[in-house]
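Going from the sequence shown to the working numbering is simple: count from 1 and add 7. All C-beta atoms in this analysis are idealised placements derived from N, C-alpha and C, irrespective of residue type, glycine included. Quick caveat: nothing in here was measured; it's all calculated off a predicted structure.
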Amino acid sequence: MRQAIEWFQGWSIATKQFVFLFLVTAVLFFSLATLNLREAEGLYRDQVIHDSEVLLTRTADLIESYLDNVNNVLLMLSSNQELFAEGSEAQSVQTLRNYAKSNSSLIGALYLIRSDGKVYSNQQAFYDIMGHPHLQQLTELARANTSLISVSGLYNSPLAGPTVAYTKAIVNERNEYLGAAVLEINLNLLYTRIAPLLINSHQTFVMLTKTGQPVYLPGTQDDMLLFQRAVYPPQLTAEFMTRVSDLPFGVSHIQGAKDQLVTLKSAYNRLGWSVVLFIEESYFYQAAQKLHKNFSSAGVIWLLALLFCTYMMSRYFTSPIRTLVQKMDHLRDFSTTFALSTARKDEIGRLYSSYKALINRIHFLIKEVKEIEERKKETELKMLQSQIAPHFIYNTLACVSSLAKLNKQQEVVQTIKSLVGLLSFSFDRISSVVRLKDELEMLRMYVQIQNVRSGDKIGYIEQCDPEIMSSPILKLTLQPIVENAIFHGLARRKSAGVVTLRAFMRGDRVNIYIHDNGMGMSPETVRRLLQETPSQRVASRFTSIGLKNVNERIQLHYGERYGLKIRSTPEIGTTVRISIPQRAEIS
């Protein structure tokens, strides 16, 4: 808790002000928005369910009206006893056709079954071919109650497909049985009239009997319900049908194929059928999502306005202090300067003036110290360049003496010429920058002297791009590296070794690679060479300039991006890369 308090106390005034205004107003706004949104969702849900209940009631009324019409047609048909007379076959068939044609929205098929078993139908030709296995049962159903219209259960008719039959016994004045009239309902057409009312993208329905037998099922393209896809025709799963049958009348819920469903179950009609309407629960939230989007848009606009107002208020009160803090943060980089001024005359103005005086004094001292360090480094490097190791000169002259005694006049002349050129190049203080070809010429003289001393055991190969031969390079950059290759690499070899120098331009850089096939060095030795001081140098070397000095000179002159990179493998050799920028050529 204490850490949280300390963290809060560390906030700026502007931050505290912004957080307080933002949080309080945002919490209030979103609380009201959430309450209104939930209330709107509830109202919309209740309205949709109410509309669906009204629609379901109208659908039930439509079915009842449909069945009343079926009842009337059957009563009219059964009142014409002449149709059962002997020899009236043509009249009977034509009458049935007329009734079926004028009531095609109701009738799937019509039959007159005489007492002698003779059957007439509005589709006489089809009946004669296909027959009807259920007519006997329908006749018995009619004779069981001659005074009333009887209704069969659901079955498949050869002529009408899935249907329910209305049947009535026909008797004369003496109550003698003449036959039975059977009307098969056109259920497919009934479904076609009901489906547009109850089926859309977010809802569907099924029609069930009291025993849970499906009277109507939607197509399998309706993916809201759980179908058995492996059977034909597709059926709802037994478990799902059981749950649907057990649903109470009115509104309830059931899990569908993909989503929770809201169900509305109607009461049973005169056929013992019930309509169950399924509505995707996610549908209730679609309108709420639009409302949520409007609330979100208003909230974003309001938050942006709040953010802007808070920012302007904080900026007005705290801008001078924040500006001063930003300037003070630049103290970590003493190489930059900046203007600091204010027109204020209060405490903040005096604080600005004091801080400005402090910064100016610090920059002056930093600049003075930096100039002293640079002069000191330049003096040290010039001193190292001019220090020619006496043992190197002594050993070289001793080799010249030995060559003279052996009458090797040409080698004597060449060695003395190389030594003079080497000393002249080193003592020249006119410029610390030379052409690359002059540096390479001095390097050849040095290698020639070392070959005289070692007995031609050092091979030297140059591969240089002619375009960069006039490029500037710091004097005595390459010689210390070749000297290091000889002393640390080739000197320990029993056989002759080779130093290879390659120089080329890559982009805006000149890269020079010096490779020897000597004994190589361990990482520790490489690290020691880059840290070696002049007092640790071998006395018999040409100068006291080490790899550390070379690297520091390059970086001091060109920047931290340039310098030396050493890669060495024991028993294989060492490669040193010298990277310098490409500058204007020296004539």
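Please list, in chain order, all residues of the same chain as residue i whose beta carbon is under 8 Å from its beta carbon, the five residues on each side excluded.
i    : result
F37  : G306
V454 : I465, Y467, V489 and V506
Considering only the alpha carbon of each residue, which of the options lies closest to residue i?
i    : options                   : result
G553 : S109, N182 and P487       : P487
A176 : T484, Y520, L372 and E147 : E147
L278 : I192, A237 and G257       : I192
L426 : S109, R499 and R451       : R451
E474 : I261, K444, A132 and G138 : K444
K4   : N195, A274, A167 and Q293 : Given a span of 8 to 594 for the chain in the structure shown, any question on residue 4 remains unanswerable.
V557 : T532, M8 and R584         : R584
T41  : L298, N276, G570 and I201 : L298
V126 : A97, T153, S477 and I114  : A97
N458 : E418, S86, T532 and A33   : E418
T403 : I423, K412, G160 and Q416 : I423
L44  : F291, P203, N163 and M476 : F291
R150 : W309, N182 and G168       : N182
F603 : S154, E13 and I120        : There is no way to answer for residue 603, as the model of the chain reaches only from 8 to 594.
T63  : M512, K572 and L204       : For the record, residue 63 in the displayed sequence is Leu; it is not Thr. The shortest C-alpha separation from L63 is found at L204.
I519 : A503, K572, K501 and G504 : K572
L429 : E559, G124 and M449       : M449
A47  : L358, Q293, M137 and S252 : Q293
K501 : T32, G525 and S72         : G525
L485 : S252, G94, I456 and E446  : E446
N163 : L185, T270 and Y223       : Y223
G124 : V332, D75, I373 and Y184  : Y184
R329 : W18, E13 and L30          : W18
Can the beta-carbon of residue i be found less than 8 Å from the beta-carbon of residue j?
i    : j    : result
L284 : A264 : no
G580 : H522 : yes
Q101 : A116 : no
P225 : T211 : yes
F247 : K272 : no
L166 : Y134 : yes
L215 : S281 : yes
V171 : Y118 : no
V77  : Y106 : no
E287 : H209 : yes
T174 : S157 : yes
R460 : C406 : yes
E469 : L497 : no
N276 : I70  : yes
P169 : L194 : yes
S128 : L145 : no
D472 : A510 : yes
CB-CB under 7 Å to residue i, same chain, minus the five flanking residues each way: which ones, in chain order?
i    : result
S529 : P577
D230 : A264 and K265
L565 : As written in the sequence, residue 565 is Tyr, which differs from the Leu given in the question. Same-chain partners within the cutoff: I587 and P588.
A67  : S273, N276 and V282
Got a sec? Which residues, its chain only, sit under 6 Å from residue i by beta carbon, not counting five neighbours each side?
i    : result
L537 : L554 and K555
L28  : T317
A492 : V506 and D523
Q235 : Q242 and T244
I561 : Y569 and G570
L410 : E418 and V419
R574 : T582
S586 : R516, N518 and Y569
S542 : For S542, the predicted structure reports a pLDDT of 49, less than 50, and the residue's modelled location is therefore unreliable. A value from the coordinates is still provided. So no residue of the chain qualifies.
L268 : I261 and F285
V533 : I573 and S575
Can you tell me whether residue i is buried or exposed? The criterion is at least 16 other CB atoms within 10 Å of its CB, across all chains shown.
i    : result
L50  : exposed
S112 : exposed
R590 : exposed
Y318 : exposed
G527 : buried
F432 : buried
L35  : exposed
A364 : exposed
K108 : exposed
V376 : exposed
H260 : exposed
K656 : Only positions 8 to 594 of the chain appear in the structure, and residue 656 is not among them; the question remains open.
Q10  : exposed
K482 : buried
F25  : buried
F371 : exposed
Does the Cβ of residue i lie closer than 7 Å to at least one heavy atom of the ligand SAM?
i    : result
Y565 : The model on display carries no ligand, and the ligand SAM is accordingly not part of it.
Closest Cβ-Cβ distance between residue i and chain D: below 8 Å?
i   : result
V34 : Given the protein chain composition of this structure (a single chain), no chain D is represented.
Could you tell me whether the region 55-68 touches the region 311-318, using the rule of 3 or more Cβ pairs below 8 Å? Fewer than three pairs of CB atoms, one per stretch, sit closer than 8 Å, so the region 55-68 makes no contact with the region 311-318.
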